[in-house]
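Numbering-wise (the numbering used here), the sequence shown opens with residue 1024 and increments by one.
Glycine included, each C-beta is placed from N, C-alpha and C at the ideal position.
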Amino acid sequence: MEAMATDTSSQSQDAPATHKTKLPAWVKLAKTAPKEADCRDWQQWSSYLAARKDVAPLQSLVSGKKSSPFAWALFADEVIDSCTIPLLEKLGEVASGRTKPTAKLADELEAWLGSLDRRIAERNLVLELLACTHALPQLTSVLDADLWWRILDKVMSHAIDATSTNFEKKIFEQGLAGELPLTLAYIFPELKACRDLGKAAVQVIDEGMQSLTDGEGLVKVDQLLHLRALLACWTRSQAMIQATDGWKLSSDAYTQYQWTVRHLLRFTRADGTQTLASGLSGVYNKHLYHTALAQGKDEEDDVIAHLTLPNAKGKASEWQLPYPSYESTWSEFAYLRADWHRTSPRFAVRHDLEPLIVELESREDVLLSGAWDTKITVDGFVLSPTSNWEQVGWLADDDGDYLELEQEWTEGVRLQRLFFMAREDDFLWAMDSVLLTDPAQKIEYQAHPPLTPQAQIGLAEETNEVFLDLPKSKATLLPVGINEWQSDSSLGKFGMVEDKLTLRQTGSGKALVAPMFFDLAKKGQGKPLTWRQLTVAEKLVIQPRDRAVAYRVQTANGHWVFYRSLTEKASRTFLGVNLISEAVVARLDENGDIEKLLEVQAS
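Right, here's the structure in full:
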């Protein structure tokens, strides 16, 4: 269930001319309520709420005293009402005490209350309910008793119904059945029904932190668009929990919260927006970060924030920070990143869908974003995927991040896709291997790396490299599996086809390898470079391309070699180097010696 529950509670009646007010049926004072908290007497109740000091406004517990904590992050939703953000800000100012409510706001809330039933499916309506609840103590000065109690009755109705609802997507339960009743208990501990919601709401938040994450704080990748809104919910809730005696998260839940804060930092683009997100759900809000860091209480995260957030100028030379990369088979997501600095190259891979969804960012620019489409044809027959992507290899170390995925296609064909992000060498190596069970006369491969519209594409006149010119950076793409010179198209072509950058490659036998080298270096772009296919030998016999391949790439910034075996375990040689590995990525020094950056052992 994503929609909010309908209102089933009784409605208050018009307040009589006397001070006594007829209240919703559920309203009853808690035994611990002060004597002056007489909710039956509107004037006394209003005066009490205005004067009480023992319930701290939420905005006094978080960063950003001048902005609403409910506007930190919105859930991703196709329907976002135009009144949502302005209302959150107005109510936030009222709740914090910075602004006194007006009669105009009272009229707006009357209309807002009447609109709730038709807006029931909006995911971000819960934020309006929360903001209104936090502002209710201050709103007694402009709302009459009838409207005030009707609003509280409606909020209570949503909270009660949500606690008994079986949500289809549990992530939205955190706001409706967790933070909303928690807020009622926090703001109105004098009312027994509100107070009684508190411990159960804490339990909902606690269980959500553990069940919605992979054990290290990451949600399922199809919920990644809601990461910031979810963490905002948990952060506000944690602030209220810490401020209330008798409420506490379990140590396991709090650990997951801390990990989620780390992911908030990890998946932040150079401009502050969220990786793999667009629209309002990915907008940067510094107060969410500041409050989450304060609640997370992790010194490493404080250092990372100074490195990776907008306007960051931190240095990490004295810190041994954890790797910035991350992979979760449970979440079906991988993130390859060279380092924590804001402009660092990073590559996100969402592999729960077909085709893969990727994002490549470097030097403050997003180069790739979207679906990496692939087409395979064998002897004229167009193949199609028959399985989901499966992670078959992952490694993060001082040299770089390695990810390998595999997918089954028709006719018994397997597609293996290997990515390697070098930690110091500023390149991304992407290599597809098409593996057949029976040899074919002709294997045709075609792929479209999803370049962003901001990337200006430049094609070399005589060679096959592609130059990308972006607002703040440059990059070069090398189709290493085909010949460097356009005059020799025997192995394939690389260029624009129907306004898409397209790599087309052909082969025969039982396998085809289609690699691509992304030069992301800040310096040396546009300077001479070259690549070659190398000879691979086994027992002094040169191997065909469907058994093993090797490549050499040289740019202004370095010299590297790459190897891929396509058969069972075998001892082979290239450039005088003997190995039995399945895949190798290595740096080549001035003496011709290789320094392995990645070695995948043959199975």
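**OP:** Within its chain, find whatever has a CB closer than 6 Å to the CB of Q1067; leave out the 5 residues flanking it on each side and keep chain order.
**Re:** The count along the sequence shown starts at 1 and reaches residue 1067 at position 44. Once the five neighbours on either side are set aside, the close Cβ partners of Q1067 are D1061.
Subject >> Member of E1413, V1401, D1388 and S1086 whose CA lies at the smallest distance from the CA of A1255 >> reply: Along the sequence shown, one-based indexing puts residue 1255 at 232. Of the candidates E1413, V1401, D1388 and S1086, the residue whose Cα lies closest to the Cα of A1255 is S1086.
**OP:** Using three-state DSSP, classify K1222 as helix, strand or coil.
**Re:** What you label residue 1222 is simply residue 199 of the sequence shown in a count that begins at 1. Here K1222 sits in helix by DSSP.
Subject >> For T1400, the residue or residues it bridges with in DSSP >> reply: One-based indexing of the sequence shown puts residue 1400 at position 377. Partner residues in the beta bridge of T1400, as assigned by DSSP, are V1405 and E1467.
Original post:
For Y1574, does the three-state DSSP call read helix, strand or coil?
Top reply: Here residue 1574 corresponds to residue number 551 of the sequence shown, with the count starting at 1. Strand.
**OP:** From the DSSP output, in three-state form, read off G1416 for me.
**Re:** For the purposes of this step, residue 1416 is taken as the residue at position 393 of the sequence shown. Taken through DSSP and simplified to helix, strand or coil, G1416 comes out as strand.
**OP:** Assign L1309 to one of three DSSP states: helix, strand, or coil.
**Re:** Along the sequence shown, one-based indexing puts residue 1309 at 286. The sequence given here places Lys at residue 1309; Leu does not occur at that position. Helix, per DSSP.
Original post:
Could you check where the beta strand (DSSP E) with G1481 kicks off and where it finishes?
Top reply: Position 458 of the sequence shown, counting from 1, holds the residue named residue 1481. Under the DSSP assignment, G1481 falls in the beta strand (DSSP E) whose first and last residues are Q1479 to L1482.
Subject >> CB contact flag (T1553, F1597, <9 Å) >> reply: Sequence index remark: in the sequence shown, residue 1553 carries index 530 (1-based). Sequence index remark: in the sequence shown, residue 1597 carries index 574 (1-based). Between T1553 and F1597, the C-beta gap is not smaller than 9 Å, which leaves the two residues out of contact.
**OP:** Decide if the region 1321 to 1338 is in contact with the region 1280 to 1298; the criterion is three or more beta carbon pairs, one per stretch, under 8 Å apart.
**Re:** A contact between stretches requires three or more CB pairs, one per stretch, nearer than 8 Å, and the region 1321 to 1338 meets this requirement with the region 1280 to 1298.
Original post:
To which residues of the same chain is W1395 closer than 8 Å at the C-beta, ignoring the five residues directly before and after it?
Top reply: Position 372 of the sequence shown, counting from 1, holds the residue named residue 1395. Contacts found: P1378, L1379, I1380, V1381, A1470, H1471, P1472 and P1473.
**OP:** Have a look at E1467, A1224, S1119 and L1332 and flag the residue whose alpha-carbon is nearest the alpha-carbon of L1081.
**Re:** The residue given as residue 1081 occupies position 58 in the sequence shown. Nearest C-alpha to L1081: S1119.
Original post:
So K1127 is in the alpha helix (DSSP H); what residue range does that whole segment cover?
Top reply: Along the sequence shown, read from residue 1 onward, the residue named residue 1127 stands at position 104. Here the alpha helix (DSSP H) through K1127 covers A1126 to S1138.
Original post:
Hey, quick one: how far does the alpha helix (DSSP H) through E1116 stretch, first residue to last?
Top reply: As a first step, residue 1116 is located in the sequence shown; it is residue number 93 there, counting from the start. Counting along the chain, the alpha helix (DSSP H) containing E1116 begins and ends at T1107 to S1119.
Subject >> Residue range of the beta strand (DSSP E) that includes S1531 >> reply: On the sequence shown, position 508 is the one that residue 1531 refers to. Here the beta strand (DSSP E) through S1531 covers K1523 to D1542.
Original post:
Just the Cα atoms here: how many angstroms apart are T1125 and L1084?
Top reply: The residue labelled residue 1125 in the question sits at position 102 within the sequence shown. The residue labelled residue 1084 in the question sits at position 61 within the sequence shown. Take the alpha-carbon of T1125 and the one of L1084: they are about 25 Å apart.
Original post:
Counting Cβ pairs closer than 8 Å, one from the region 1447 to 1456 and one from the region 1520 to 1539, do we hit at least three?
Top reply: Yes: at least three Cβ pairs fall under 8 Å.
**OP:** Go through its chain and collect everything with a Cβ distance to S1510's Cβ below 8 Å, but skip five positions before and after it.
**Re:** Your numbering for residue 1510 matches position 487 in the sequence shown. Within its own chain, the residues whose Cβ lies closer than 8 Å to the Cβ of S1510, once the five positions on either side in sequence are excluded, are E1485, listed in chain order.
**OP:** Might you give, ordered along the chain, the residues of its own chain that have their beta carbon closer than 6 Å to the beta carbon of M1232, omitting 5 neighbours on each side?
**Re:** The count along the sequence shown starts at 1 and reaches residue 1232 at position 209. A1276, Q1279 and Y1280, listed in sequence order.
Original post:
Does DSSP put I1327 in a helix, a strand or coil?
Top reply: Taking the sequence shown and counting its residues from 1, the one referred to as residue 1327 is at position 304. Under the three-state reduction of DSSP output, I1327 falls in the helix class.
Original post:
In the structure shown, what three-state DSSP assignment does E1202 receive?
Top reply: Along the sequence shown, read from residue 1 onward, the residue named residue 1202 stands at position 179. Correct three-state label for E1202: helix.
Subject >> Residue nearest to A1073 in terms of C-alpha spacing, selected from V1102, E1145 and I1210 >> reply: If you number the sequence shown from 1, residue 1073 lands on position 50. The option with the nearest alpha carbon to A1073 is I1210.
Original post:
Where does V1389 sit, in a helix, a strand or coil, going by DSSP?
Top reply: Working through the sequence shown from its first residue, we reach residue 1389 at position 366. It is a strand residue.
Original post:
Looking at the unbroken beta strand (DSSP E) that takes in A1276, where does it start and where does it end?
Top reply: As a working mapping, residue 1276 is identified with position 253 in the sequence shown. First-last for A1276: S1274 to R1289, but that is the alpha helix (DSSP H), not the beta strand (DSSP E).
**OP:** Have a look at V1227, R1289 and P1057 and flag the residue whose alpha-carbon is nearest the alpha-carbon of P1368.
**Re:** Position 345 of the sequence shown holds residue 1368. The shortest Cα separation from P1368 among V1227, R1289 and P1057 belongs to R1289.
Original post:
For the beta strand (DSSP E) that contains I1617, what are its first and last residues?
Top reply: Translated into the one-based positions of the sequence shown, residue 1617 becomes position 594. It spans I1617 to Q1624 - the beta strand (DSSP E) in which I1617 sits, taken as one unbroken run.
Original post:
From which residue to which residue does the beta strand (DSSP E) around S1351 run?
Top reply: Counting from 1 along the sequence shown, the entry for residue 1351 is found at position 328. S1351: member of the beta strand (DSSP E) spanning Y1349 to S1351, first to last residue.
**OP:** State the Cα-Cα distance for the pair S1090 and A1168, rounded to the nearest angstrom.
**Re:** Within the sequence shown, numbered from 1, the residue matching residue 1090 stands at position 67. Within the sequence shown, numbered from 1, the residue matching residue 1168 stands at position 145. C-alpha separation (whole angstroms): 28 Å.
**OP:** May I ask which residues mark the beginning and end of the beta strand (DSSP E) holding S1649?
**Re:** Here the chain covers residues 1024 to 1626 and nothing more, so residue 1649 does not appear.
Subject >> Nonlocal neighbours in the same chain, by C-beta distance under 8 Å from D1569, ignoring five residues either side >> reply: Numbered from 1 along the sequence shown, position 546 holds the residue referred to as residue 1569. Within the same chain, P1462, G1530, S1531, G1532, K1533, A1534, L1535 and L1589 come within 8 Å of D1569 by CB-CB distance, once the 5 residues on both sides are set aside.
Original post:
Just to confirm, are L1220 and A1182 a CB contact at a threshold of 9 Å?
Top reply: Start at 1 with the first residue of the sequence shown, and residue 1220 comes out as number 197. Start at 1 with the first residue of the sequence shown, and residue 1182 comes out as number 159. Between L1220 and A1182, the CB-CB gap stays under 9 Å.
Original post:
Count the other CB atoms within 10 Å of the CB of L1406; is the residue buried (16 or more) or exposed (fewer)?
Top reply: Translated into positions along the sequence shown, residue 1406 becomes position 383. So L1406 ends up on the buried side.
Original post:
Would D1130 be called buried (16 or more neighbouring beta carbons within 10 Å of its own) or exposed?
Top reply: Reading the sequence shown from its first residue, position 107 is the one you call residue 1130. D1130 should be labelled exposed.
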